[in-house]
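Structure first, then comments.
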Amino acid sequence: MLSNIPARILKRAPASAQSRGRASQGIFSRLQYLFALQSAAPARTQAAGPARISLYTCLAHSRPGISRLAKRIKLTARGMLHYQVTQHWLSYWNATPMRAQLAAATPRLLQKIYRPYQSLRLQDRRERLNLLVNHYDFIYQQGLAPLVLRASAAPVSLGGFSGKSGTVYEIRLASVATLDREGELTLMLCCDRQLLFSIAFTFHRDSSMPCIGIGCLQGPRGSDTQEQVRRATRDMFGLRPKSLMLRLVREIGQAYGCKKLILVGNQNRVLFHQVRTGKVLANYDDFWQEVGASARPDGDYQLRCDDIAQPDLATIPSHKRSEARRRIALTEQAVQAALNGFCAHPL
Numbered sequence: 024m025l026s027n028i029p030a031r032i033l034k035r036a037p038a039s040a041q042s043r044g045r046a047s048q049g050i051f052s053r054l055q056y057l058f059a060l061q062s063a064a065p066a067r068t069q070a071a072g073p074a075r076i077s078l079y080t081c082l083a084h085s086r087p088g089i090s091r092l093a094k095r096i097k098l099t100a101r102g103m104l105h106y107q108v109t110q111h112w113l114s115y116w117n118a119t120p121m122r123a124q125l126a127a128a129t130p131r132l133l134q135k136i137y138r139p140y141q142s143l144r145l146q147d148r149r150e151r152l153n154l155l156v157n158h159y160d161f162i163y164q165q166g167l168a169p170l171v172l173r174a175s176a177a178p179v180s181l182g183g184f185s186g187k188s189g190t191v192y193e194i195r196l197a198s199v200a201t202l203d204r205e206g207e208l209t210l211m212l213c214c215d216r217q218l219l220f221s222i223a224f225t226f227h228r229d230s231s232m233p234c235i236g237i238g239c240l241q242g243p244r245g246s247d248t249q250e251q252v253r254r255a256t257r258d259m260f261g262l263r264p265k266s267l268m269l270r271l272v273r274e275i276g277q278a279y280g281c282k283k284l285i286l287v288g289n290q291n292r293v294l295f296h297q298v299r300t301g302k303v304l305a306n307y308d309d310f311w312q313e314v315g316a317s318a319r320p321d322g323d324y325q326l327r328c329d330d331i332a333q334p335d336l337a338t339i340p341s342h343k344r345s346e347a348r349r350r351i352a353l354t355e356q357a358v359q360a361a362l363n364g365f366c367a368h369p370l
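Note that this note's numbering numbers the sequence shown so that position 319 is 342, with each residue one more than the last.
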């Protein structure tokens, strides 16, 4: 019933009420645009291409019941309260069949403009809208849409490399499905098919400059997480998994013309409440400063990705240079695997 509220109101309204002005009818017709169900589209339109995207596309994977009804009510209220932003958002996804296909495959992304996303510095819904539109414009311009569409269904393997023990590490890419409040894309490092580390990022623009926003850097889960990280660090010649993940995103940014990384600070994390109450312990600020990032006035950090310095072996003690060379070689192998995985999926 919620999906047809505007139509039902128009049908039941008396003639005197309908004659009060065209403004009311205009409001109802606009609401129909926001909330029209895909099934309401004519059969010939569905046959010609993807069904029209609406806010209720978000519920495509929800089970029927009270929970789904509550979500419909919430979506209805949000769409009415923030009509203009919602209209622009839906218009973007309905502009081309490929966009509609991606939105239908990842319906949760349609709700992102209403919730804290990537960094709490993005307080305004229009800011979040612009950031997300910039990301997907970049994806289409760079020919990455087929890769992102595949990654929205299941993580895509980009490539892998071996540690000194012979253990194989795999680099995977997921879209929207994981860490979806912190970024549109998630790069994952897996060992023995188990997730070891992940990093969530989004392509966008900052002061008209192409860049990457990083909203999350997450380690493994379980009772022996620290031991897993230590074991992987030893196996990668002293290279920490989180350092590798940041380097991979930095290299991807450089390959696609991005000038800098914007790294979310502790106070701007979308999980700030969990950080403050001790449920999330990772200290991003310390790590960002350790890798040479500079603090921004808005509480985030930034790091250039178009000027990646190569390690200077002369500054490393002679008895550690052999391991350093192997660490550098392993890093380059991982970088090439990730970049080749991206480049192997053109339009």
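Here a beta-carbon is modelled for each residue, glycine too, at the ideal position from N, C-alpha and C.
Straight-line CA distance for residue i to residue j?
i: S175; j: K282; result: 26 Å
i: I351; j: D309; result: 23 Å
i: L294; j: L132; result: 18 Å
i: N157; j: R91; result: 30 Å
i: L152; j: Q134; result: 11 Å
i: P334; j: M259; result: 16 Å
i: E207; j: S341; result: 43 Å
i: S345; j: L271; result: 23 Å
i: L113; j: H84; result: 19 Å
i: T119; j: Y163; result: 11 Å
i: D229; j: G236; result: 9 Å
i: Y159; j: A337; result: 43 Å
i: C214; j: V199; result: 22 Å
i: A128; j: L267; result: 30 Å
i: A71; j: L78; result: Residue placement at A71 cannot be trusted, given a pLDDT of 49 that sits under 50; the coordinates are not used to answer.
i: H111; j: L155; result: 12 Å
i: I339; j: A347; result: 8 Å
i: A305; j: E250; result: 16 Å
i: S142; j: G276; result: 19 Å
i: A332; j: T190; result: 28 Å
i: A150; j: R95; result: Note that residue 150 is Glu in the sequence shown here, rather than Ala. Cα to Cα, the separation comes out at about 24 Å.
i: L262; j: P320; result: 31 Å
i: P233; j: G280; result: 7 Å
Buried or exposed, going by whether 16 or more other CB atoms sit within 10 Å of the CB of residue i?
i: R216; result: exposed
i: E205; result: buried
i: N291; result: buried
i: D330; result: exposed
i: Y140; result: buried
i: T395; result: Examination of residue 395 is not possible in this model, given that the chain is present from 24 through 370 alone.
i: G166; result: exposed
i: G88; result: exposed
i: H227; result: buried
i: R273; result: buried
i: T248; result: exposed
i: S231; result: exposed
i: R86; result: exposed
i: A66; result: Caution is warranted here: a pLDDT of 38 is assigned to A66, below 50, making its placement in the model unreliable, and no coordinate value can be reported.
i: C328; result: buried
i: G186; result: buried
What are the residues that DSSP puts in a beta bridge with residue i?
i: E193; result: G183 and C213
i: D335; result: Answer is none; D335 lacks a bridge partner.
i: S221; result: M211 and Q241
i: G236; result: T225 and I285
i: Y324; result: L286 and A318
i: S198; result: L208
Can you give me the Cβ contacts of residue i inside the same chain, cut-off strictly under 7 Å, excluding the 5 residues immediately before and after it?
i: S62; result: The predicted position of S62 is uncertain, since its pLDDT is 39 and thus under 50; no value can be drawn from it.
i: F184; result: Y192, L353, Q356, A357 and A360
i: G322; result: R144, G288, Q290 and N291
i: Y324; result: L286, G288, W311, A316, S317 and A318
i: P178; result: R195, L196, A197 and M211
i: C366; result: none
i: M121; result: A168
i: G182; result: I194, A360, A361, N363 and G364
Keeping to the same chain, check which residues put their C-beta closer than 8 Å to that of residue i; ignore five residues upstream and five downstream.
i: P264; result: L212, L219, F220, G242, V252, A255 and T256
i: R148; result: H105, V108, I136 and Y137
i: V314; result: S266, L269 and L326
i: S188; result: D258
Using C-beta distances below 6 Å, list every residue in its chain close to residue i, excluding the 5 sequence neighbours before and after it, in chain order.
i: K97; result: none
i: L326; result: L284 and A316
i: R101; result: Y137
i: A126; result: I76 and W116
i: G245; result: none
i: C239; result: L202, E205 and A223
i: T376; result: Missing from the structure shown is residue 376; the chain here goes from 24 to 370 and no further.
i: F161; result: F226
i: L362; result: A278
i: R349; result: F260
i: P130; result: T80, C81 and A83
i: Y307; result: N289
Does any C-beta atom of chain D lie closer than 8 Å to the C-beta of residue i?
i: I136; result: The structure shown contains no chain D, having only a single protein chain.
Given 7 Å as the limit, tell me if residue i has its C-beta closer than that to any heavy atom belonging to the ligand ADP.
i: P340; result: You won't find the ligand ADP in this model; it holds no ligand whatsoever.
- Task: Just list the beta strand (DSSP E) runs in the region 260-319, keeping only unbroken ones of 3 residues or longer that don't cross its boundaries, in chain order.
- Result: DSSP assignment within the region 260-319 yields the following whole beta strand (DSSP E) runs of 3 residues or more, N-terminal first: 283-286.
- Of all the alpha helix (DSSP H) runs that stay within the bounds of the region 111-153, which reach a length of 4 or more residues? List check, alpha helix (DSSP H) in window: 120-128.
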